[in-house]
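J.: Next up is a structure, given as structure tokens.
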Amino acid sequence: MDDTDYKAFYDRVGQANGWDFSRLKVLVEDEQADIYEEVKRMCRKSDLLLDIGTGGGEAILAIRDAALLLVGIDRSQGMIQTARANLANAGATNVRFVHMEAEQLDFPEQFFDIVTCRHAGFSAREVAKVLSRDGLFITQQVAEGDKLNLKQAFGRGQRYGEPDGTLLRKYRLELEEAGFRDIRTKEYDTVEYYRTPEDLIFLLKHTPIIPGFGQEKGDFEVLRAFMEENRTEKGIRTNAKRFMISARNA
């Protein structure tokens with residue numbers, strides 16, 4: 027997928043589902059990355075928080091009591107439509123959702139105390155611009171080794187073939203160049219078991235793990251063989267590889 031394809035994909039997913047995977051039945055072993063649990067521990071009630079790539083807004087709506095004001099932005103109009111519908115249902119008064127590109131943050135300088143970004147692109151310089159001095163930036167990203175056995179079965183996939191750690195090093199360098207300090211990283215690689223074939227199919231249709239899943243001839247035959255080979259009593263086995271970076275603005 028190129029950038030245009032990704033945007034069209036997220037628009038479709040945003041209108042249909044948002045970024046809500048709560049319906050999936052998945053057993054996770056070992057410690058897993060959870061950026062918003064970290065944010066809850068570090069956030070003050072007086073803080074203003076910006077969430078980049080907010081999707082359907084499910085995550086910041088769930089932590090809305092942690093900050094004074096939470097603003098979620100997304101490049102996908104479909105995601106923002108779903109986020110605003112979720113906001114109306116939640117009745118939260120301290121959350122806003124705005125259609126905006128991460129590469130051009132249209133907010134006052136040093137406006138936010140915390141900026142978060144989960145599984146979405148960001149511009150380190152733009153984050154530095156809108157983040158207060160000594161403000162916290164924290165991002166959680168999908169590593170190259172995520173769903174590795176699944177991508178190997180298909181012979182394609184999100185960042186398939188790229189050396190592990192490439193994205194982490196790229197983002198760390200960009201943060202350093204933008205003047206961030208106290209940069210800390212943590213990596214996670216957990217085992218996941220998807221309870222049913224329907225759970226795994228839902229994941230593939232609503233994420234870019236296997237770009238164009240179901241559109242190429244033989245995709246479902248490859249998936250059937252993969253599920254047979256990786257089926258266990260706990261479910262269909264794969265992995266979730268993530269990394270987290272936290273940094274302080276200069």
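For the sequence shown, this note's numbering gives the first residue as 27, with consecutive numbering after it.
Cβ atoms here follow ideal geometry from the backbone N, Cα and C, with glycine treated the same way.
Pop quiz: V124 and V97 are said to be a contact at Cβ under 8 Å. What is the actual Cβ separation, rounded to whole angstroms?
T.: Here residue 124 is taken as the residue at index 98 of the sequence shown, counted from 1. Here residue 97 is taken as the residue at index 71 of the sequence shown, counted from 1. Correct: roughly 6 Å between the Cβ atoms.
J.: Going by alpha carbons, who is nearest to Y186 out of D91, L76, K267?
T.: By 1-based counting over the sequence shown, the position of residue 186 is 160. Ranking the options by Cα distance to Y186, first place goes to K267.
J.: Around the Cβ of V54, are there at least 16 other Cβ atoms within 10 angstroms (buried) or fewer (exposed)?
T.: For the purposes of this step, residue 54 is taken as residue 28 along the sequence shown, with counting starting at 1. Looking at its Cβ environment, which holds fewer than 16 other Cβ atoms inside 10 Å, V54 is exposed.
J.: Below 7 Å CB to CB, which residues in the same chain sit around Y32 once its five sequence neighbours on both sides are set aside?
T.: Along the sequence shown, one-based indexing puts residue 32 at 6. With a pLDDT of 41 at Y32, under the threshold of 50, the modelled position of that residue is not reliable, and the figure given next carries that caveat. The residues are P234.
J.: What residue from D172, V156, D132, S149 has the CA that sits closest to Y197's CA?
T.: For the purposes of this step, residue 197 is taken as the residue at position 171 of the sequence shown. Closest option to Y197, Cα to Cα, is S149.
J.: Which value, in whole angstroms, describes the spacing of the CA atoms of T211 and E202?
T.: Working through the sequence shown from its first residue, we reach residue 211 at position 185. Working through the sequence shown from its first residue, we reach residue 202 at position 176. For T211 and E202, the distance between alpha carbons rounds to 13 Å.
J.: Would you check if the distance between the CB atom of M126 and the CB atom of I99 is smaller than 8 Å?
T.: Working through the sequence shown from its first residue, we reach residue 126 at position 100. Working through the sequence shown from its first residue, we reach residue 99 at position 73. Contact flag set, yes.
J.: Per the DSSP calculation, Y214 is bridged to which residue(s)?
T.: In the sequence shown, the residue the question calls residue 214 occupies position 188. DSSP lists R268 as partners of Y214.
J.: Considering L176, what are the terminal residues of the alpha helix (DSSP H) in which it resides?
T.: Residue 176 sits at position 150 when you count from the first residue of the sequence shown. Residues 174-180.
J.: Name the DSSP beta bridge partners of H145, please?
T.: Numbered from 1 along the sequence shown, position 119 holds the residue referred to as residue 145. None, per the DSSP bridge assignment.
J.: Strictly by DSSP, which residues pair up with Q184?
T.: Within the sequence shown, numbered from 1, the residue matching residue 184 stands at position 158. Partner(s): none; Q184 has no beta bridge.
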